[in-house]
Structure formats: structure tokens, C-alpha cells
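Each residue of the sequence shown is one higher than the one before, counting from 830 in our numbering. Beta carbons are placed, not taken as given, at the ideal position from N, Cα and C, and that holds for glycine. Note that this is a predicted model, so its numbers are computed, not measured. Quick notes on the structure that follows.
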Amino acid sequence: MIHFLALRHNIDPTFTSFRLAFIVRRRTLTKNWDTYILSNTYSTMPPTSRRAKKNSKSKQEQKRPRSPSKSDTEKVSDSSQIVIDNAIYFFRPKEEHGYLSQWYASSFTDGTYSYENAEQYMMHRKGMLFAPDSPITSALLETTNPRDIKSLGRMIPNFDEDVWKRERLNIVTEGSRLKFRQSEALKARLLATEDKELVEASPFDRIWGIGFGAKQAPMKRDKWGKNLLGKALMTVRQELQEEATSDSVDPAPKLGSRRDSMGSQHSSEMVDALEEQHPPVRDIGVLPSPTQTKL
830 MIHFLALRHN IDPTFTSFRL AFIVRRRTLT KNWDTYILSN TYSTMPPTSR RAKKNSKSKQ
890 EQKRPRSPSK SDTEKVSDSS QIVIDNAIYF FRPKEEHGYL SQWYASSFTD GTYSYENAEQ
950 YMMHRKGMLF APDSPITSAL LETTNPRDIK SLGRMIPNFD EDVWKRERLN IVTEGSRLKF
1010 RQSEALKARL LATEDKELVE ASPFDRIWGI GFGAKQAPMK RDKWGKNLLG KALMTVRQEL
1070 QEEATSDSVD PAPKLGSRRD SMGSQHSSEM VDALEEQHPP VRDIGVLPSP TQTKL
């Protein structure tokens, strides 16, 4: 027992010193490791921080209102020019200015046939031009839906592209003429457009329309289609404007007209009134000359 205690007494200092040395060594290693970690962290941080600064800068630029560039100024000036031009864009019959559409419901007659819309008139005239005896031409008078009418119009036999190109604008102009002349309400609305350009903003049609919608039309003006429907409408409008101007001028009364007879009546009444105030000199015969007078 004494030997064991003596042995333990000898071992404890050794173990204690070893333990202290281990603790010191561990602390040293830990400190060195922390230093290593920190040094590596700081060495890799600059790229990350630069990226973060770049991202924060881009976010600030996004929030900051951008000053208009030269191209933006040019775009604004182009838009202002379109506003100055003040064109009227139309397409579907139920949209704004839809009364200008071929599909707009408006009954009129050409003296022989009755039509429910200008599209029906155009396609029936097309059928009469190429196949007057065709059942399709007859069916065009019995169909009032513009979409069905358009489909039937594509089925007309004996179609000749060159002939149609020559006649189509005159046909559509005449249909628009009948449409607006036979409706005082539509006539007034057409005249209210004054001298503004009428444009069918159909993105699907570059012949009767321009091939662009109303939003893209001002920026694509150099790429517009023919706009034949708009031109036909402007032709009819000009005719109506000239008629309205001639009617507003007070013409001279025609001989035999009611105004002429009323004017004659007033003139005779004025003559009678003057005669009452100043009676005419009666016939007193021939007065003797001074040489014939006896003193």
C-alpha cells in the first residue's frame, strides 16, 4: 500500500505536467487554427464584397429615376407628332369609332337590293361582278353576319385578281357613300371627324387596313399597308363636307321659286305704299310752250 501511494505520488506530478503541456499545446493549436481561418476568410472576402457592392449599386440605380436619354427624347417627339397628326384609328365595330367599320350594322339600299352592313354590299357586288348567277351570290343577300359574309365572299367562282384590284376601291367607296348618306346619325358622326386621317388599324389586313393595331400604328407608319377602307371613307367625307358647305351658302332665288314670288309680292306692296304717299301726276295734256302763251 505504501509502495502504491509512493508510486502514485511520483506519477501524479508527471501526469499533471503532461496534462498542462497538452492544454497549452491545444490552446496554441486552436489559436493558430483560428488565425488560419480568419486569414483565409479575409483573403477570400474582397471579391465577395466587391460583388455585393456592385449588386447594391445596381439596386440603387434601379430605384433612382433615370434621366431621359436622347433616344427617349426622340421617341417623345415622334409621339407628339402623331398626336398632332391626330389620326382616328378604328377596327372592330363594337370598339371606339366602330361605326367606320365595314362590319358595323347599318341598313341601306342601292335602289335594287337592301343590305345590313357595308361588308354585305361589298361581297355581293363582288359576286355580281364575277358570278351573278352563282348560288353563292344569292346566298350573300340572305346572310347578315359579317363573318359568314366574308367567308362566302372568298368562295365566289370565276374570281379574277386583276379585275378585282381595278374595281374594289370604287365598290367600297360606293358602299360607304350609301351607308352614310342614308343615315343622318352616321353622316353627322363622319362629318364630326373633320379633316382627321381615318385609319383601319387591322393587324391582319394590309390592303383595307394598315397591318398594325392602334398602339403600334404611330411608330410603324413607314411600314403601313394600303388603308383602302380609310381612303374610301375620307373620299365620302370630303363629298359630304362639300355638300354641307354649298348648302350653307345662301344662293340667289330662282325665277318662279317661292322666295322669288314672295319677293315680288313684297315689292308690289312697297310700290303701292309709295303711291299712296306720293300719288302719281295725272295726265294734264300738253302744256303750251312759252311762245304760245298770251300775255
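query, result
"Inspect the CB distances between the segment 966 to 973 and the segment 944 to 954 and report whether three or more fall short of 8 Å.", "yes"
"Would you list the one or two residues that DSSP bridges to T938?", "S943"
"Name the one or two DSSP bridge partners that Y1126 has.", "The requested residue 1126 is not part of the displayed model; the chain covers only 830 to 1124."
"So, helix, strand or coil for E1029, using DSSP?", "strand"
"Spatial neighbours of A1073 within its chain, please: C-beta separation below 8 Å, excluding the five flanking residues on both sides.", "L1020"
"Would you mind sorting M984 into buried or exposed? The rule is 16 or more other CB atoms within 10 Å of its CB.", "exposed"
"Check whether the Cβ atoms of L1015 and S1075 lie closer than 9 Å to each other.", "no"
"By a C-beta neighbour count over all protein chains shown, 10 Å radius and 16 as the cutoff for buried, is Q1067 buried or exposed?", "exposed"
"Considering F1009, what are the terminal residues of the alpha helix (DSSP H) in which it resides?", "990 to 1010"
"Exposed or buried, what is R995 when buried is set at 16 or more other beta-carbons lying within 10 Å of its beta-carbon?", "exposed"
"Straight-line CA distance for P1047 to S1077?", "36 Å"
"What are the boundary residues of the beta strand (DSSP E) that I917 is part of?", "917 to 919"
"Let me make sure I understand the geometry here. Which of A1017, G1004, P964 has the alpha-carbon closest to that of F937?", "G1004"
"Would F919 pass as a contact of A1061 if the rule is Cβ separation under 9 Å?", "no"
"Any idea if A1017 is buried or exposed, counting beta-carbon neighbours within 10 angstroms, 16 or more meaning buried?", "exposed"
"Can you list, in chain order, the residues of its chain with a C-beta nearer than 6 Å to that of L1058? Leave out the 5 residues immediately preceding and following it.", "E1029, W1037"
"Using 10 angstroms around the beta-carbon of R1087, count the other beta-carbons present and answer buried if the total reaches 16, otherwise exposed.", "Confidence in R1087 is poor, its pLDDT being 46 and thus under 50, which makes the residue's placement too unreliable to answer from."
"Taking the C-alpha atoms as reference points, what is the distance between E924 and G1042?", "13 Å"
"In terms of residue numbering, what span does the alpha helix (DSSP H) encompassing P964 cover?", "964 to 971"
"Using only the alpha-carbon positions, how far apart do P986 and M952 sit?", "12 Å"
"Report the option in E1071, D1034, M957 whose CA atom is closest to the CA atom of N1056.", "D1034"
"Considering only residues of the same chain and omitting the five flanking positions on each side of P1032, which have a CB-CB separation below 7 Å?", "G1040, F1041, G1042"
"Please report the distance separating the alpha-carbon of G956 from that of K1049.", "35 Å"
"Alpha carbon to alpha carbon, how far is P922 from K1008?", "14 Å"
"Considering just the uninterrupted stretch of the alpha helix (DSSP H) at G1040, what are its terminal residues?", "Premise fails: G1040 is in no alpha helix (DSSP H) and is neither H nor E."
"By the three-class DSSP mapping on this structure, what secondary structure does G1054 have?", "coil"
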